[in-house]
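Reviewing the structure listed below.
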Amino acid sequence: MKKFFALFVMAFAGIASAQTDAELRADGTKAGNTDNILTYGMGYHQNRYSPLNQINKRNVKRLVPVWSTSLDNELGEQAQPLIYDGVMYVSNARWTYAMDALTGRVIWRTAVNFDPGTPRVVCCGNSNKGVALYNGKVFRTTLDAHVIALDQKTGKEIWREKVAEWKEGYSLTVAPQVANGVVITGCSGAEFGARCFLDGWDPETGKKLWRRYTTAGPGEKGHETWEPREAYLRGGASTWITGSYDPDLDLAYWGTGNAGPWNDAKRKGDNLYAASVIAIRPKTGEIVWHYQFAPNDVWDWDSWELILGEIRVSGQPRKVIMHMSRNGFLYVIDRATGQLLSANPYERVNWATHVDLKTGRPVESEESKKLRAGETIQLWPSINGAKNWPHAAFNPNTGLLYANTLHSYSTFRFTPLAEYKPGFRYQGIENIYPPTPTDTPSGHMEAIDPVTAKPKWRVPLVGYRNASAMLATGGNLIFTGKFSGEVIALDADNGDQLWSFKTSSSVNSQPVTWTKNGKQYVTVLSGIGGVSSARRGLPANLPAGGSVWTFALFEQ
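Residue numbers are given in the numbering used here: position 98 of the sequence shown equals residue 191, and the series is strictly consecutive.
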C-alpha cells in the first residue's frame, strides 16, 4: 500500500517555482518579498517580525476571517505555515497540506503514516512544528523518526530516510532548517535515555551528509565532561526546536535540551553539550563554538530558542543571540564568538542566585544544593520553565522582545533511577505541579529589554497561561493566541488588547503575516495539543480538531 495520499485540485494552475538560497537569505529582511514566508521564524534570524503595517492599531478592530480550512487532525496544531507564490504549506502529525493562500482550497495533502504505537514515546505532544521549502521540495519530519521530501507541486514523496528507531524512544517533531544548501534536522528522546543529535541531508537525494551528536563521545571535545565516560550514551540533549542561521558567518545556531536521565546519579560532570547552544557549520556539522546554560542539568532546562539581532550592549552595537531560557535567565551572547555579554533573570528564579559573567556559569542556590542532597524542593521556575517553546518575537526597531512567559513552581525531587529499558521513560524524578491559581498570575504577556531582562510592560494572566508564539508587526501590533481559542492583537506600546476572535479550538501555534496583491493577511492554526499540562485551568470539554484561519481587514 502506498505510504502517501495526494489530493489534487486540477483547476489550480501551476504551483511555485523552486526556491533558491538567495530567497531564503532574503526572507524576513528588507530585501525579502512579503508575499512569501520561506523560513521557520519568518527569517533566518527568527525575529518573527514583519514591517507590514496595513493592519495597525487604528484599524485592527476591522480584522475578520476570510477563510478557514479543516486539517482533519485531533492531535494538536503547533506549526508555523510557510507561503510561496500564493501557496500555503501546513503540517501536523498526520498530514502535510498545500492550499491556496487566498481561499484555503486544498491543492494536495499527503498523509504521514506511522505505527499507532509511536505516540507512546513522543515527548512532548503528538505535533509537528512545520515544514521547510527548498528547490521545489517540501521537507518535514515524522513522529516515527523519519525525514521526508515531497514534491512541492504534487505532494508525492521523493525520498524518505529513517533517522533512528522510534521503539528506542526517538521521535521527530522539529521543523527542518535549510542552511547553505543542507537540510538540517534534530530529534527528541532525552526523556527516554536517547543520545540525541543533528543530521545534515542532501536535499536532492536524501543522502546523510553528516551527524553531530549533542552528547560528546570518545574522541570528541567534551567527552571528559561525562563521568563515568559511558554516560554520554544515554545523555539526552534533544534538538527539537529549529535553529537560527547567520549567512554572513555561515553559522547555524541550535539549542539543546536537558541532560538524561534527569537524576544525575549515573552522570556526573558538566555533560556537554546538553542544555547548550552550539554554533555549527551547515556543510559539515563542525562545532565552531558552544555555550552551556546549565552544566550538569538536573532541572530540565531545555535551551532552544535563539533569536538573532543587533543591539547595544554596554553602549556598543553588537551582533548577538538572545535566548529567553526556560531556566528563567535572559542571555545575550556574541554570535560570532560565543562570548556571554549579559544574563539576567526575567522571572522568579531560585535554582541559581545569578550567572557569573566571568566564568559564564550559573551559581547554584541553596535550593539546588538541597535537591542534589536528596531533599524535596519547591523549584522556581517549574520544569515547564519561565518560558516554554512558544516563541518570542523581536522588533529590531524597538529593540524589545515580546513573549508569553510562565509564573509557577514545581515540587521536585529525585527518585531511585530504574535500569535503562529501550523505549521507556528514564528520568528518576518526581514532579508535582500546583493547582492553577485563580487570584494570582500563572504567566504574563510582556515586552522585555533583552539586556536588563526588565519588562517595559506586563499583562498578567490570571487563571490560565498562553502557549502561542508571538508575532510583532510594523503596525505596532503583537499577535498571539490563547488556550481558550482566541487569537488576539495587542498594542505593542502597552500590551492593551485591541482585538480578538474566537476560533474553533485552542490556539497554541505560530501566527504569521503576509501579503498578496497588495493586501495584508494574518494566518494562525487552531487545535489544542502539546503536553497534557496545557489543560490545567481549562474546561475539560475544550474541543479538539485542527484548522487554519486567515484574516484580513473588512473593506469599508
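Where a beta carbon is used, it is the ideal one built from N, C-alpha and C, also for glycine.
- The DSSP-derived three-state label of aspartate 208 is coil.
- Contact between the stretch 348-356 and the stretch 286-298 is present: 3 or more CB-CB pairs across the two stretches fall below 8 Å.
- For tyrosine 137, the closest of Tyr495, Gly336, Tyr384, Val214 by C-alpha to C-alpha distance is Gly336.
- Here tyrosine 346 carries a strand assignment [DSSP, helix/strand/coil].
- Distance from serine 501 to proline 474 at the Cβ level is roughly 7 Å; contact confirmed, criterion being Cβ atoms closer than 8 Å.
- In the displayed model, alanine 172 falls within coil according to three-state DSSP, outside both helix and strand.
- If you draw a straight line from the Cα of serine 561 to the Cα of isoleucine 621, it is about 11 Å long.
- Counting along the chain, the unbroken beta strand (DSSP E) around serine 503 starts and ends at 503-507.
- Within the model, the alpha-carbon separation for glycine 638 versus proline 604 is close to 18 Å.
- In this chain, the beta strand (DSSP E) harbouring serine 593 covers 590-595.
- Nearest neighbour of arginine 551 by Cα position, chosen from Tyr346, Ile581, Tyr439, turns out to be Tyr439.
- Glutamate 258 and threonine 278 have their C-alpha atoms some 15 Å from each other.
- Scanning its chain for C-beta atoms nearer than 6 Å, with the 5 sequence neighbours on each side dropped, one finds around glycine 229 the residues Ala111, Gln245, in chain order.
- Using a Cβ-Cβ distance cut-off of 8 Å, the stretch 441-449 and the stretch 420-430 are in contact, since at least three pairs of beta carbons, one from each stretch, lie closer than that value.
- Distances from the alpha-carbon of alanine 268 to those of Tyr325, His316, Ser163, Met135 put Met135 closest.
- Non-local beta-carbon contacts of tryptophan 592 in its own chain, meaning distances under 7 Å to residues more than five positions away in sequence, involve Val153, Lys154, Leu156, Ile581, Ala582 in chain order.
- For tyrosine 526, the secondary structure class from DSSP, reduced to helix, strand or coil, is coil.
- Taking lysine 359 as the centre and dropping the five residues before and after it, the same chain places the C-beta of Ala324, Leu510 closer than 7 Å to its C-beta, in chain order.
- Between the C-alpha atoms of leucine 342 and valine 381 there is a straight-line separation of about 11 Å.
- Between the stretch 457-465 and the stretch 482-497, the count of C-beta pairs closer than 8 Å stays below three; the two stretches do not touch.
- Ranked by Cα distance from phenylalanine 232, the options Gly516, Gln471, Tyr133, Ala546 are led by Tyr133.
- Under DSSP, the beta-bridge partners assigned to alanine 540 are Tyr495, Trp550.
- Under the three-pair Cβ rule at 8 Å, the stretch 175-182 counts as touching the stretch 194-205.
- If you look at arginine 465, you'll find it in the alpha helix (DSSP H) that goes 459-465.
- A distance below 7 Å between beta-carbons, with the five flanking residues on each side excluded, links tryptophan 160 to the following residues of its chain, in chain order: Thr196, Gly197, Thr643.
- Boundaries of the alpha helix (DSSP H) around glutamate 116: 114-119.
- When the Cα atoms are used, asparagine 126 and glycine 315 turn out to be separated by approximately 42 Å.
- Beta-bridge pairing by DSSP links serine 281 to Ser264.
- Pairing asparagine 166 with valine 224, the inter-Cα distance amounts to about 17 Å.
- Burial check for valine 641: the Cβ neighbour count within 10 Å reaches 16 or more, so the residue is buried.
- Within the same chain, Leu423, Asn437, Pro438, Tyr439 come within 7 Å of alanine 546 by CB-CB distance, once the 5 residues on both sides are set aside.
- Counting every other CB atom within 10 Å of its CB across the protein chains shown gives lysine 222 a total of 16 or more, marking it as buried.
- Looking at the DSSP output, phenylalanine 290 sits in a beta bridge with Tyr306.
- When the Cα atoms are used, leucine 265 and glycine 350 turn out to be separated by approximately 14 Å.
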